[in-house]
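*Asks:*
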Amino acid sequence: MADKVCLLTGASSGIGRAAALKLADRGVRLLLVCRDGDRGEAVLAEVRRRGGADRAQLLVADLASQAEVRRLATEVRARTDRLDVLINNAGLVTSRREITEDGLETTLAVNHLAPFLLTNLLLNQLSASARVVTVASDAHRSGAIRLDDLHGELRWRIYRAYAQSKLANVLFTYELSRRLNTSGVTANCLHPGLVGTRIFNNTPWPARLVIAPMSLFFASSAKGAEGVVKLALAPEMEGVTGRYFDRTEEAHSSAASHDVELALRLWDVSERLTGLASVATT
Numbered sequence: 462m463a464d465k466v467c468l469l470t471g472a473s474s475g476i477g478r479a480a481a482l483k484l485a486d487r488g489v490r491l492l493l494v495c496r497d498g499d500r501g502e503a504v505l506a507e508v509r510r511r512g513g514a515d516r517a518q519l520l521v522a523d524l525a526s527q528a529e530v531r532r533l534a535t536e537v538r539a540r541t542d543r544l545d546v547l548i549n550n551a552g553l554v555t556s557r558r559e560i561t562e563d564g565l566e567t568t569l570a571v572n573h574l575a576p577f578l579l580t581n582l583l584l585n586q587l588s589a590s591a592r593v594v595t596v597a598s599d600a601h602r603s604g605a606i607r608l609d610d611l612h613g614e615l616r617w618r619i620y621r622a623y624a625q626s627k628l629a630n631v632l633f634t635y636e637l638s639r640r641l642n643t644s645g646v647t648a649n650c651l652h653p654g655l656v657g658t659r660i661f662n663n664t665p666w667p668a669r670l671v672i673a674p675m676s677l678f679f680a681s682s683a684k685g686a687e688g689v690v691k692l693a694l695a696p697e698m699e700g701v702t703g704r705y706f707d708r709t710e711e712a713h714s715s716a717a718s719h720d721v722e723l724a725l726r727l728w729d730v731s732e733r734l735t736g737l738a739s740v741a742t743t
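Position 279, counted from 1, in the sequence shown is what this note's numbering calls 740; the numbers after and before it change by one each time, with no gaps.
(1) For Ala551, collect the residues of the same chain with a Cβ closer than 6 Å to its Cβ; drop the 5 residues on either side in sequence, then sort them by chain order.
(2) By the three-class DSSP mapping on this structure, what secondary structure does His713 have?
(3) Name the DSSP bridge partner or partners of Ile748?
(4) Around the Cβ of Val466, are there at least 16 other Cβ atoms within 10 angstroms (buried) or fewer (exposed)?
(5) Span of the beta strand (DSSP E) holding Asn549?
(6) Excluding five sequence neighbours on each side, which residues of the same chain lie with their C-beta closer than 7 Å to the C-beta of Arg726?
(7) Which one of Ala591, Val554, Leu582, Asp497 has the shortest CA to CA distance from Pro696?
(8) Less than 8 Å between the beta carbons of Ala522 and Glu529, yes or no?
(9) Starting from Leu493, follow the beta strand (DSSP E) in both directions and report where the run begins and ends.
(10) Beta-carbon within less than 8 Å of Ser526's beta-carbon, same chain only, minus the 5 sequence neighbours each way: which residues are those?
(11) Measuring CB to CB, does Gln518 end up less than 8 Å from Leu492?
What follows is the structure, given as structure tokens:
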């Protein structure tokens with residue numbers, strides 16, 4: 462694994478941090494993307510103790526900003542000539558409807574449009590057998606892509622926005638896999654399980670009171686990271702693409718996630734919303 466280069470977003474806490482440590486233990490070279498520089502430095506130090514001082518680098522970027530995503534992609538290209546693994550892990554839940562500097566609803570912007578844009582900007586950096594891994598959620602099963610109201614201007618609810626963004630993750634993964642086709646690059650996504658992470662910190666207090674007792678049954682971040690690491694490195698995943706996993710096992714995603722026409726329409730809208738004039742296909 463010493464020659465593998467991996468970019469991991471959302472690396473400062475939760476599943477991202479746990480995955481970073483597991484990957485460091487395997488000797489993977491890591492580019493860790495964090496929004497908070499101080500927390501990023503803390504996990505970088507821990508990763509370097511596990512994998513060696515020259516095995517990890519920190520990149521600070523707020524993925525809610527498309528300018529930041531573009532700057533991040535430029536910095537990645539400057540730091541490495543290839544990526545063997547791209548893990549789109551960063552995600553959030555917001556307690557109220559918020560709009561980013563780009564005029565986009567924040568949940569959609571961070572959970573879907575950021576990985577969509579970053580992945581497409583880095584396609585030419587991916588090695589011949591690279592793996593794109595996107596952390597989705599079983600919440601996608603209750604999600605619906607409302608192309609006429611993606612930003613929740615007509616009706617916004619916390620879970621509705623989150624479930625929509627997670628369905629978008631699965632649709633993106635399947636369409637990316639189709640577009641990469643015979644390139645050798647694979648794209649898969651997963652539900653990491655119910656994991657107690659910081660993602661619930663921004664939910665309203667009533668929701669937190671409900672979540673608190675349930676959290677006793679949540680899996681650890683380390684357990685949640687197992688599926689991420691499997692999709693990123695496991696030999697048996699070589700050539701496996703366009704699949705959805707529940708933790709470490711392949712599973713059936715929702716019927717809506719297999720709607721090819723919907724995936725194409727979402728891709729076109731995502732291109733417009735991210736300013737991508739054209740997307741490379743193979």
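Using N, Cα and C, we set each Cβ at its ideal position, and we do this for glycine too.
*Replies:* Let me lay it out:
(1) Thr470, Gly471, Leu524
(2) coil
(3) Not covered by the structure: residue 748. The range shown for the chain is 462 to 743.
(4) buried
(5) 544–549
(6) Leu608
(7) Out of Ala591, Val554, Leu582, Asp497, Ala591 has the C-alpha closest to the C-alpha of Pro696.
(8) By the CB criterion at 8 Å, Ala522 and Glu529 fall inside the cutoff.
(9) 490–495
(10) Thr561, Glu562, Asp563
(11) yes
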